[in-house]
Amino acid sequence: MTRTRLETMNAEALQSLASQYGIDLPRKTDRESLIDTIFEAFEEMRLERDSDNNNAIRIEEKKYGVQYDEADNSEEDEPEELPATYNETRIVVMLRDPAWAFAYWDLKESHDKKYRRNPDFHGMLIRVYELAEPTEDRSAIVDSFDIPVQLSDSRWYINLPEQDTHYRLELIARHAEGEDVLAQSNIVSVPKGYFADDSSASFQEDAIIALSGIEHLGVSPFGNRIPQRILAHLDQQYMV
Amino acid sequence: MVKGYLVLMLHAHLPFVRHPEYPSFLEENWLFEAISETYLPLLRVFDRLDADGVPFTITLSMSPTLVAMLQDSLLQERYSGYLERHIELAEREVERLKREPQFRKLAEMYLDLYKQDLVDFQEKYEQNILRGFDYYYKKGRIEMVGAAATHAYLPLYQQFPVNINAQLQVAIDSQESIFGKHPTGFWLPECGYFPGLEEHLHDNGIRYFFSAAHSVLFSEKRPPAGVYEPVLCPNGVAVFGRDIASANMVWSSDEGYPGDFSYRDFYRDIGYDLPLDYIGPYIHDNNIRINTGLKYYAITGVTEEKHPYDPEVAAAKAREHAENFIYNQKKQIAKLGPLMKQPPVITCPYDAELFGHWWFEGTIWLEAVIRQLAQTEGELEPVTPSAFLKAYPPTTVIEPIFSSWGNNGYSEVWLDGSNDWIYRHTHTAIERMMELAERFPDDHGLKERALNQAAREVLLSQASDWPFIMRAGTTVSYATKRVREHILNFDRIYESLGRGNVGTEWLTQLEKKDNIFPRIDYRVFRPQGNRSASFLREIANR
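For the protein sequence lines, the chains are U and S, in the order given. First residue of the first sequence? That's 12 in our numbering, and the numbers climb one at a time after it. First residue of the second sequence? That's 728 in our numbering, and the numbers climb one at a time after it.
As structure tokens, then:
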């Protein structure tokens, strides 16, 4: 967002933009100060986003010209909204990184109605199963925990307590008589997310890893566990 | 005896942006800027090296979406118009700055650049610059590797093996039809890998791919030579892990070469600096200011008071940085050599658009690196992955881990609060496409056209660019609209096939607009018995 772009907007559009992005505005302010406040907030957001980005992402941003003003020359031809539901009861889990998974789900209209109208309905939950093997066989379940969600929710980020394991989800409706398992998800396999501490590795092998630029690896925070034997090489003659 | 090797890998990609329904379209400039500042200058680098007899070896991937745009006649016409407008602007600038020699010299530099681009584009390549890349591919200077059909970030589609296969198969078909050869290597968009992806690569005749460093380094069995020699997946497909030690020198604007104060400042552009009544005809409609490409200032430092850009000083600095890069790689080889059983290979993959577009002097740096590599006399040899695999067949077998080269090493760029809404729609579209491919196993005529278009729309909706831009926070409305449009186009075909009445006029219009992959066969989405088996036989027979 540039100042020039903001200057083309009327007061209502500016207020709406500020509200959309959660920018607090002083109660009484002139147009110039209003633009200043919004512009500064956008700059702050941009710098914050940029500071989160590694070099690969920063460079990739440049080719989309994302420093350009937000301009859209086809506003009058806005496509219609996508469906809010596909009328199918399902739950899908996607691995974001070794510490977080993302789940989305959908409910059939008949399920939604059934629970919405039922006075004995006690709420929905996501049951997270940790599995010893990537199989649907219940004997593989190592552990589980529940995340209560609202009937109106349809997505959730799940903090994964363990790495180097597998997870599967169930979408469950609770009611006075017990629980209905409405859907089971796919299985995600979570990597360890750090260096294997290979005690049989030779001096040469550890030194090579230390030479690999691991101090710039940028994999965090679960990836920061570098075996001491490798760290020791970082201070030695093998470093660039 | 060669002491060490360097794989220089450039990945060229832009999303499919083509809007015949408008007389001009802002986001088409992404392509035009990249042609002007990266692709044509890169071809001129190759020409100069070739003319001077410098042996060079580059590994290059050109995404199928980029390739489709480069050979599209509408975009070719529009690019000529883009160049003509830039030449006109540069001429006006030369006149405006006639009493300011320091700046006039720069306006003349841009005038020369755009005039040269126009001559190369229209006369040398007859509007199709793929001919230039094809020439060096056939000559053996470029090793062309594949890239996913619409640059989907594959780990977020791993639960749909048919779709992963479609992204690979359509891409390879497209590459073969244009360059006439089946690639043996593959660039995974954003280095996005998930365990099992190698099976799809193998099934499509791919022998190696590139990965993020930690994909290899964090495997259960640590490779003894780290990223300095390729390793094998359990199915025999080789992996070249990205070298981090060298990456920061080239990528980082803070610690790396591109941030040098004498280089051209990317952000200071006359599109923002000059009065609207003058610059108006060369920026976007409604006087929305955009970059014009004409930039007169050097980075200078963390200051608003920028010094005028001096191309000679910047070019000398780029050559000095090339020398420093080679020096550091030789030093690294010297350290690694005694620790390894075979000569190390340093794998350096970069976004091609880094060179010339953002880092204006990047192509000068690249040319100097290649020229200096040719003079290292065995200390550091450029090599293609195929040649290295042939000379030093890998023996270490590991299981690489899920990874990308994005922030923090996994999927957080393409899966966060700004963009996670898209996946329920793209996933559903994939499932429905698979259903269509099963329901209509052997249809022809209008139905087949509709099914093929449905396959195009499903693939286009998956471009990693859209979630990337949504997260970046600007031009969000365009990225959002693109995902919505492709899903809605698909849904309309899905529903009309269900009803048995496909609208010919609407379909024809859509085919003209989203005209990518003319050879696509929707049966690539068949859950069982897709073309994979026959495709494999075809590869085996080649």
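Note that beta-carbon positions come from the ideal geometry of N, C-alpha and C, so glycine has one too.
Remark: C-beta atoms of I1243(S) and A893(S) do not approach each other more closely than 8 Å. Across the set E72(U), A22(U) and R149(U), the C-alpha of E72(U) shows the shortest separation from the C-alpha of E1080(S).
By DSSP's assignment, E181(U) forms a beta bridge with R138(U) and Q195(U). Beta-bridge partners assigned by DSSP to D157(U): R138(U). Inclusion of Y168(U) and V199(U) in the CB contact set at 8 Å is not warranted, their separation being larger than that value. Beyond the five residues adjoining it in sequence on each side, P238(U) comes within less than 7 Å, by CB distance, of F206 and D208 in the same chain, given in chain order.
By the Cβ criterion, the stretch 948-955 of chain S is not in contact with the stretch 910-922 of chain S, since fewer than three pairs of Cβ atoms, one from each stretch, lie closer than 8 Å.
Beta bridge pairing from DSSP links W116(U) with I102(U).
Secondary structure of R775(S) (DSSP, three-state): helix.
Distances from the alpha-carbon of E188(U) to those of N129(U), E226(U) and D108(U) put N129(U) closest. The beta carbon of W1132(S) lies closer than 7 Å to those of E917, C918, A939 and R969 in the same chain, with the five residues before and after it left out. As DSSP reads the structure, H186(U) sits in a beta bridge with F132(U) and G189(U). Contact of M56(U) with chain S is assigned, a C-beta pair being separated by under 8 Å. For the options Q1056(S), D992(S), L845(S) and Q843(S), the alpha carbon positioned closest to that of L222(U) is the one of Q1056(S). The beta-carbon of R69(U) is placed less than 8 Å from the nearest beta-carbon of chain S. The alpha-carbon separation between A218(U) and L171(U) amounts to approximately 33 Å.
The beta carbon of L1063(S) sits closer than 6 Å to the beta carbons of Y955 and P1071 from its chain, once the five residues preceding and following it are set aside; these are given in chain order. Contacts between A218(U) and chain S, judged by CB atoms closer than 8 Å, involve L1066 in chain order. Bounds of the alpha helix (DSSP H) holding R42(U) are R42 to D63. Within the stretch 976-1001 of chain S, the residues whose Cβ lies closer than 8 Å to any Cβ of chain U are, in chain order, W978, S979, S980, G983, F993, Y994 and Y999. With fewer than 16 neighbouring CB atoms inside 10 Å of its own CB, M728(S) falls in the exposed class.
When C-beta distances to chain S are compared with 9 Å, the residues of the stretch 116-139 of chain U below that value are W116 and D117, in chain order. Counting C-beta atoms within 10 angstroms of its own C-beta, A778(S) has fewer than 16 neighbours from the protein chains shown and is therefore classed as exposed. The beta carbon of P951(S) falls within 8 Å of a beta carbon belonging to chain U, placing the residue at that interface. Fewer than three Cβ pairs drawn from the stretch 835-848 of chain S and the stretch 1148-1163 of chain S lie within less than 8 Å of each other, which leaves the two stretches out of contact. The beta carbon of K948(S) sits closer than 7 Å to the beta carbons of I1125 from its chain, once the five residues preceding and following it are set aside; these are given in chain order. One alpha carbon belongs to S163(U), the other to M105(U), and they sit about 20 Å apart. Burial state of N98(U) is exposed, judged by a 10 Å Cβ sphere holding fewer than 16 other Cβ atoms. Within chain S, the residues placing a beta-carbon under 7 Å from that of Q215(U) are L1066, ordered along the chain. Residue burial is scored here from C-beta neighbours: Q161(U) has fewer than 16 other C-beta atoms within 10 angstroms and is therefore classed as exposed. A direct Cα-Cα distance of roughly 9 Å separates G1105(S) from Y732(S). With a threshold of 8 Å between beta carbons, S163(U) makes no contact with chain S.
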